[in-house]
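Chains as they are written, first to last, in the working numbering: chain S, 6 to 323; chain L, 3 to 215.
We put the CB at the ideal spot given by N, CA and C, even for glycine.
For clarity, every value in this text was computed on a predicted model and none was experimentally measured.
To start, the structure itself, in structure tokens.
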């Protein structure tokens, strides 16, 4: 869908973005994470054609009118909410008497506000108007800058449902965010912007499965993997996410407050910013960060058996 | 009665016509200044800001030297006519209109333009959107321009010549009546002028209020 080749973007001497080659595949939801000022927004603006690359190229496979970008602090036209949502239809000469716009507003719970002046809304409501304004156009590529930043849990759920609907239609969605957790349930690929480069997110462990009730506890049955004890009120299909710093590696099992203990085998050992990232297969890969000293003491090399432990609360369930 | 009515009508006619010229020329100029990036743009904005404070008599003198009987454009016979006053007033207020239109467009330029672009608007639709978004600022610019011109005296006197029933405006009439000692007529015209200025300012406040919404 989006092919980046030899991209360099500088605003001064130092390049903000330096991406030799990267492809965002069509039909998937991509999340781009990274610290503030890592160039996430610049990347989106480049893809949207609002900025030109200093060098290299970005090829987008859809025509500009089928691509829509939503800004983090969206601009509201001096008009009603309905007028704002119908804007893209108006410039395309579509006159449906506001039907599509009403449907898009309904999906995001904005219907009662249709006649309000858009500029008087709260930041979260403006973000929903901006999303409705984009969804009404049924874009094949949707670029979202921090779409969950100002939303309450209900708003987040409405936005996620709307995005899931768009994904089901085969659209490609690119979400730029520093709060990955909110969008993780609909995300297919996570990439990180680090020092101006896009790298696949190889840190967090993400697994899909089903949360079931067993002996009054929540148990996450991972697809083609082990069952993990979690803490959540959710039941049914879910996605779990676990930070590598929450995973403990040990040569032997020992009694502790940790509910999850699995014997596995080290498959990969790589350096990770002063730490060592160890991938252990426990029926599916789990990633842990340990200090170089621990790595040496435990003798962590590929093929070595090791215990993997983590608390039930270490897994965030969405 | 015509001693009172005629100057009012001449004042309104002159100021309205000059404001219209300023809108037709100044709004597109303000748009270009706000949207396009070209060499000399910043110096030009500085010059326009300076010209906003130009004394009316300087503009009067400048136009006089162009349209006086023996001047380059003297053959047009414009001196001491309403069109001469309109030309002078339009030149006086054009920098005000351009600067205020630029400010109105600049306030919405980036957000509105990028939003329109990312929602699939073509170049024509983007321009229409920007004019629509800047409409309250533009209305305020029109009100400010008109307000500057309705009370103007230097140009009206120098280029109009204060001819009774023809180029005598409210301000030149007040100046004349006062010098004749006819304070009553001067005061009446003065209050009417104040009332018009009040209306213009109420309009200005109204549009600025709408823009803040």
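Asked, Found
"From residue 196(S) to residue 114(S), what does the alpha carbon distance come to, in whole angstroms?", "31 Å"
"When you compare only the Cα positions, how much space is there between residue 9(S) and residue 40(S)?", "21 Å"
"Counting only beta-carbon atoms, is residue 206(L) nearer than 7 Å to chain S?", "no"
"Let's see if you can read the secondary structure: which residues bound the beta strand (DSSP E) around residue 222(S)?", "222-227"
"Only counting the same chain, and skipping five residues up and downstream in sequence, which positions put a Cβ closer than 7 Å to that of residue 96(L)?", "24, 27, 28"
"Within 10 angstroms of the Cβ of residue 33(L), are there 16 or more other Cβ atoms? Answer buried if so, exposed if not.", "buried"
"Are any of the Cβ atoms in chain S nearer than 7 Å to that of residue 211(L)?", "no"
"Quick check on residue 127(L) - is its C-beta less than 7 Å from some C-beta in chain S?", "yes"
"What does DSSP give as the partner residue(s) for residue 132(S) in the beta ladder?", "In the DSSP output, where bridge partners are listed per residue, residue 132(S) has none listed."
"Shorter than 7 Å from the beta carbon of residue 140(L) to some beta carbon of chain S?", "no"
"Kindly indicate which three-state DSSP category residue 211(S) falls into: helix, strand or coil?", "strand"
"If we count the other Cβ atoms within 10 Å of its Cβ and call it buried at 16 or more, is residue 1(S) buried or exposed?", "As shown, chain S starts at 6 and ends at 323. That puts residue 1(S) outside it, with no answer to give."
"Counting contacts by CB-CB distance shorter than 7 Å, is residue 115(S) in contact with chain L?", "no"
"In chain order, what residues of the same chain have a beta carbon less than 7 Å from the beta carbon of residue 139(S), not counting five sequence neighbours either side?", "73, 75, 147"
"What residue range does the alpha helix (DSSP H) around residue 45(S) cover?", "45-53"
"Terminal residues of the continuous alpha helix (DSSP H) containing residue 270(S)?", "Unbroken run through residue 270(S) is the beta strand (DSSP E), 265-277; no alpha helix (DSSP H)."
"Go ahead and pull the three-state DSSP assignment for residue 126(L).", "helix"
"Would you say residue 123(L) lies against chain B (beta-carbon separation less than 7 Å)?", "The chain inventory of the structure shown lacks chain B, comprising the protein chains S and L."
"Mind the definition here: the stretch 288-298 of chain S touches the stretch 221-239 of chain S only if three or more C-beta pairs lie below 8 Å; say whether that holds.", "yes"
"Who are the near neighbours of residue 280(S) in its chain, counting only those whose CB is closer than 8 Å to its CB and skipping five residues on each side?", "294, 295, 296, 297"
"Compare the C-beta of residue 93(S) against all C-beta atoms of chain L and say whether one is closer than 7 Å.", "yes"
"Buried or exposed for residue 92(S), please, with buried defined as at least 16 other CB atoms from any protein chain shown within 10 angstroms of its CB.", "buried"
"Do we get a CB-CB distance below 7 Å when we pair residue 320(S) with the residues of chain L?", "no"
"What residues in the stretch 72-88 of chain S bring their beta carbon closer than 9 Å to a beta carbon of chain L?", "72, 73, 74, 75, 76, 78, 79, 80, 81, 82, 83, 84"
"Which residues mark the beginning and the end of the beta strand (DSSP E) in which residue 38(S) is found?", "34-38"
"Does DSSP classify residue 251(S) as helix, strand or coil?", "helix"
"Sorted by chain position, which residues of the same chain lie with C-beta nearer than 8 Å to residue 300(S)'s C-beta, five sequence neighbours on each side aside?", "274, 281, 283"
"Can you tell me whether residue 197(S) is helix, strand or coil according to DSSP?", "strand"
"Could you tell me how far apart the beta carbons of residue 129(L) and residue 114(L) are, in whole angstroms, since I believe they sit closer than 8 Å?", "Actually they do not touch by this definition, with Cβ atoms about 11 Å apart."
"Quickly, what does DSSP pair residue 28(S) with across the bridge? List them, please.", "8(S)"
"Tell me the DSSP secondary structure of residue 231(S) in three-state form.", "coil"
"When DSSP labels each residue in this structure, what does residue 14(S) get in the three-state scheme?", "strand"
"Which first and last residues belong to the alpha helix (DSSP H) in which residue 205(S) is found?", "No alpha helix (DSSP H) contains residue 205(S), which is instead part of the beta strand (DSSP E) from 202-205."
"Spatial neighbours of residue 98(L) within its chain, please: C-beta separation below 7 Å, excluding the five flanking residues on both sides.", "54, 146, 147, 150"
"Alpha carbon to alpha carbon, how far is residue 320(S) from residue 169(S)? Give it in angstroms, no decimals.", "23 Å"
"I'd like to know whether the C-beta of residue 114(L) is nearer than 7 Å to at least one C-beta of chain S.", "yes"
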